[in-house]
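Residue numbers (the working numbering), protein chains in the order written: chain A, 65 to 313; chain B, 65 to 313.
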């Protein structure tokens with residue numbers, strides 16, 4: 065595939081799209097998703113890994129709360145990856161990821177993921193291009209393992225916000241008492257590396273694109289939620305799952 | 065490399081080797097190993113994975129007790145892999161393996177391993193050649209991950225016993241009260257698949273040979289212990305490790 069240029073991809077919903085009608089569609093899909101997840105769990109043949117990446121304040125938590133966290137919590141796990149702690153650092157970078165890979169029947173959501181190890185680390189030059197390439201190869205082999213050896217279907221979403229929208233959301237964290245807890249003094253500092261992040265993300269979309277990334281225009285929450293709900297709905301529907309009936313043993 | 069033919073590899077020590085002198089050498093190496101393992105732990109830069117494979121009664125437990133289990137238990141972990149349980153089966157076949165990969169500074173011993181998933185499974189035709197090939201590719205990528213991303217040095221040993229020696233050892237399990245607990249009525253049944261096991265092992269040596277397998281003549285315990293102690297000693301010595309001195313923070 066040709067290289068993705070994030071600058072050329074809009075961070076907003078298509079002009080012609082009606083917000084109210086789209087929100088209604090999302091609502092309907094959430095009902096569908098509830099049933100499909102139940103079927104996934106019951107059939108116990110497939111598993112789903114949803115990777116959510118994006119800059120600070122791109123709306124990762126929101127989509128997890130409003131779309132993915134809307135299903136039966138017994139069948140949907142969410143793992144948030146922070147900077148690795150000492151025990152994790154004494155292993156290869158995929159060790160802490162593999163232990164949270166979804167069991168059959170389950171949907172696993174990663175709020176940030178193994179991709180941080182080729183993103184933040186590259187922006188700050190903690191690793192060089194050669195190691196980054198090796199890690200990308202390892203990531204590709206790892207995703208192949210999950211797909212080929214546990215029927216894991218992987219959806220990778222990049223929440224694409226504009227620098228302006230990001231800045232406004234970070235400012236809100238300083239003013240809204242309900243959002244202040246999310247404020248981190250490093251966020252504004254990290255935001256200054258925007259150009260570097262764009263470059264390493266584009267590299268990642270190029271080398272780690274099987275399965276493909278979905279670039280989600282994320283300046284408007286209603287559209288972001290629609291895109292992600294639809295992708296998951298379409299995936300699950302396409303599996304043609306069946307309730308297994310009474311077990312004969 | 066050319067295909068290994070197990071029939072052409074002796075299961076016994078070279079004729080000219082003196083048993084008493086060899087045992088003394090092993091003893092001396094065990095003392096060395098104690099120091100080298102301490103250094104590995106202190107330096108905290110490398111890790112070692114020792115994979116022990118072999119037919120029933122090929123002497124896996126013995127070499128773990130007498131050679132590998134001789135070092136500081138705080139720095140040496142042993143994991144025995146049995147037939148996978150339900151939770152393990154609901155993940156990819158490397159999931160239960162990865163969680164036991166050695167942290168830096170550690171030696172991890174696998175008594176049986178991920179290789180069972182392309183050995184016993186193939187002998188009994190639970191998987192076909194195509195899936196076996198896919199699994200071997202996944203194993204190669206996994207071992208590369210450990211090597212490239214956590215400085216893990218992998219030693220793979222196949223304990224090579226003759227069918228006659230194996231049969232005699234299995235018979236002993238029926239007679240010696242101290243060994244009866246090891247007896248499993250399936251062992252004699254499995255032993256009948258000798259030819260099939262040889263074939264799938266040879267395939268595994270061909271396709272999963274980076275790092276290389278060591279075929280250990282294992283009819284005599286003293287020689288088997290010598291070969292394994294020497295391989296581990298040579299590996300650790302070759303790392304040119306240094307005590308790190310006082311940490312400056």
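We put the beta carbon where it would ideally sit given N, CA and C, even for glycine.
- In the three-state reduction of the DSSP assignment, residue 221/B falls in the strand class.
- Residues of the stretch 122-137 of chain B whose Cβ lies closer than 7 angstroms to any Cβ of chain A: none.
- For residue 214/B, the nearest beta carbon of chain A is closer than 8 angstroms to its own beta carbon.
- Counting only runs of 3 or more residues that sit fully inside the stretch 134-203 of chain A, the beta strand (DSSP E) segments are 140-144, 171-175, in chain order.
- Contact between residue 171/B and residue 112/B holds, since their C-beta atoms are separated by about 5 angstroms, short of 8 angstroms.
- For residue 102/B and residue 299/B, the gap between their C-alpha atoms comes out near 14 angstroms.
- In the same chain as residue 290/B, and ignoring 5 residues on each side of it, the C-beta atoms closer than 7 angstroms to its own belong to 86, 89, 90, in chain order.
- Setting aside the 5 residues that flank it on each side, residue 197/B is surrounded in the same chain by 271, each with a C-beta closer than 8 angstroms to its C-beta; the list follows chain order.
- Per the DSSP secondary-structure output, residue 281/B pairs in a beta bridge with 224/B.
- Taking all protein chains in view, the Cβ of residue 292/B is crowded by 16 or more other Cβ atoms within 10 Å, so the residue is classified as buried.
- In the assembly as shown, residue 310/B is an exposed residue. Its beta-carbon has fewer than 16 other beta-carbons within 10 Å.
- Annotated three-state conformation of residue 303/B is coil, per DSSP.
- In this chain, residue 127/A is not harboured by any beta strand (DSSP E); it is covered by the alpha helix (DSSP H) spanning 124-130.
- Rounded to whole angstroms, residue 67/B and residue 122/B show a C-alpha spacing of 22 angstroms.
- Residues of the same chain with a CB within less than 7 angstroms of the CB of residue 308/A, apart from the 5 flanking positions on each side, are 106, 107 in chain order.
- When the Cα atoms are used, residue 241/B and residue 194/A turn out to be separated by approximately 58 angstroms.
- Judged by DSSP secondary structure, residue 109/A falls outside any alpha helix (DSSP H); it is assigned neither H nor E.
- Among the CB atoms of chain B, none fall inside 8 angstroms of the CB of residue 293/A.
- Proximity of chain A to residue 106/B at the Cβ level (cut-off 9 angstroms) is not reached, the minimal Cβ distance being about 14 angstroms.
- By the 16-neighbour rule on beta-carbons within 10 angstroms, residue 133/A is exposed.
- In the structure shown, residue 113/B falls within a strand segment according to DSSP collapsed to helix, strand and coil.
- Within the DSSP secondary-structure output, residue 118/B pairs in a beta bridge with 223/B.
- Per DSSP, residue 268/B is one residue of the alpha helix (DSSP H) stretching across 258-271.
- Membership of residue 242/B in any alpha helix (DSSP H) is not indicated, and neither H nor E is assigned to it by DSSP.
- At a cut-off of 8 angstroms, the C-beta of residue 157/B has a neighbouring C-beta in chain A.
- Here residue 139/A really is in contact with residue 169/A; their C-beta atoms are around 7 angstroms apart, less than 8 angstroms.
- Within 8 angstroms of the CB of residue 256/A, no CB atom of chain B is found; the nearest one sits about 29 angstroms away.
- No residue range can be given for residue 77/A, since it is assigned to no alpha helix (DSSP H) and is classified by DSSP as neither H nor E.
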